[in-house]
Amino acid sequence: DTGVSQNPRHKITKRGQNVTFRCDPISEHNRLYWYRQTLGQGPEFLTYFQNEAQLEKSRLLSDRFSAERPKGSFSTLEIQRTEQGDSAMYLCASSAGTSGNVNEQFFGPGTRLTVL
Amino acid sequence: GESVGLHLPTLSVQEGDNSIINCAYSNSASDYFIWYKQESGKGPQFIIDIRSNMDKRQGQRVTVLLNKTVKHLSLQIAATQPGDSAVYFCAESRTYKYIFGTGTRLKVLA
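Quick mapping for you: the protein sequence lines, in order, are chains A and B. Counting from 1, one number per residue, gives the positions in the first sequence under the numbering used here. Counting from 117, one number per residue, gives the positions in the second sequence under the numbering used here.
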């Protein structure tokens, strides 16, 4: 257990529905990342927060995707009007911004999304 | 449980032997490299990292080698154990964003 938690662990939804995932990073970490992983592939970067500011969004993150980190602690990732191509594992990671190895990212267990 | 990396390259080694997993990275400007282990149904777990000003770093039973000339990274696992069976990913970074390579499935044979 890395200390990063994600909920739910699994989500099955019908095409067209909206879904929201939550990530709770390690408490003292001010950097938070979302990645997407499909079967047979490594994780792909989606977006990055430093505290509450979203500093980068991948072009993979279409306008149906939105991520927030309102108080610089937990983060949510929402997918609107889900499509079957959104089926994937959504991973959250966090890293320390001010001490220790600021580059080392600790990953949560992921949320597995299945869109029917 | 779910399967990570159904069609990944596979390395099969006998228990107790040493394993070497290779990775080619893409960006010559990357200055930080990491190896992660991922078991089915779990998120990636940090194994070892190395910065570009080094060419070798050792941890407990693991060694990472970096060859910047050919943009190659390797992970050596000594005395491979059944618990080492997993998919292994390398990642490169220049800023905060990790770029992951294609994983390698390690199978440890009893």
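Here a beta-carbon is modelled for each residue, glycine too, at the ideal position from N, C-alpha and C.
| Check | Outcome |
| --- | --- |
| Would you mind reading off the limits of the beta strand (DSSP E) that contains H29(A)? | Counting along the chain, H29(A) falls outside any beta strand (DSSP E), and DSSP gives it neither H nor E. |
| Please go through the stretch 35 to 93 of chain A and give each complete beta strand (DSSP E) segment of 3 or more residues, from N-terminal end onward. | 44 to 50, 53 to 57, 65 to 68 and 75 to 79 |
| Kindly indicate if chain A contains any beta-carbon less than 8 Å away from that of D165(B). | yes |
| Taking only runs of the beta strand (DSSP E) that begin and end inside the stretch 118 to 179 of chain B, which ones reach a length of at least 3 residues, in chain order? | 126 to 130, 135 to 140, 148 to 154, 161 to 167 and 172 to 174 |
| Does L225(B) come out as helix, strand or coil in the three-state DSSP assignment? | strand |
| Is the beta carbon of Q192(B) sitting closer than 8 Å to the one on I136(B)? | yes |
| If we count Cβ pairs, one from each stretch, closer than 8 Å, do we get three or more for the stretch 4 to 23 of chain A versus the stretch 182 to 200 of chain B? | no |
| Mind checking who Y204(B) pairs with in its DSSP beta bridge? | K153(B) and T220(B) |
| Buried or exposed: A226(B), going by 16 or more other Cβ atoms within 10 Å of its Cβ? | exposed |
| Under 8 Å between beta-carbons, which chain A residues line up against T218(B)? List them in chain order, please. | Q41 and G42 |
| So, at 6 Å on beta carbons, what are the nonlocal neighbours of I164(B) in its own chain, with the 5 sequence-adjacent residues on each side left out? | W151, G175, V178 and V180 |
| Would you mind sorting P160(B) into buried or exposed? The rule is 16 or more other CB atoms within 10 Å of its CB. | buried |
| Would you decide whether M89(A) is buried or exposed? Buried here means 16 or more other CB atoms lie within 10 Å of its CB. | buried |
| Let me see if you follow: with CB-CB separation under 8 Å, is Y214(B) close to chain A or not? | yes |
| Closer than 8 Å by beta-carbon distance: list the chain A residues that pair up with Y148(B), in chain order. | N103 |
| Using 8 Å as the threshold, is the C-beta distance between Q54(A) and Y214(B) below it? | no |
| I'd like to know whether the C-beta atoms of L77(A) and Y35(A) end up nearer to each other than 8 Å. | no |
| What does V19(A) pair with, by DSSP beta-bridge criteria? | I79(A) |
| Using the DSSP secondary-structure output, state which residues sit across from Y212(B) in a beta bridge. | Paired residues: none, contrary to the question. |
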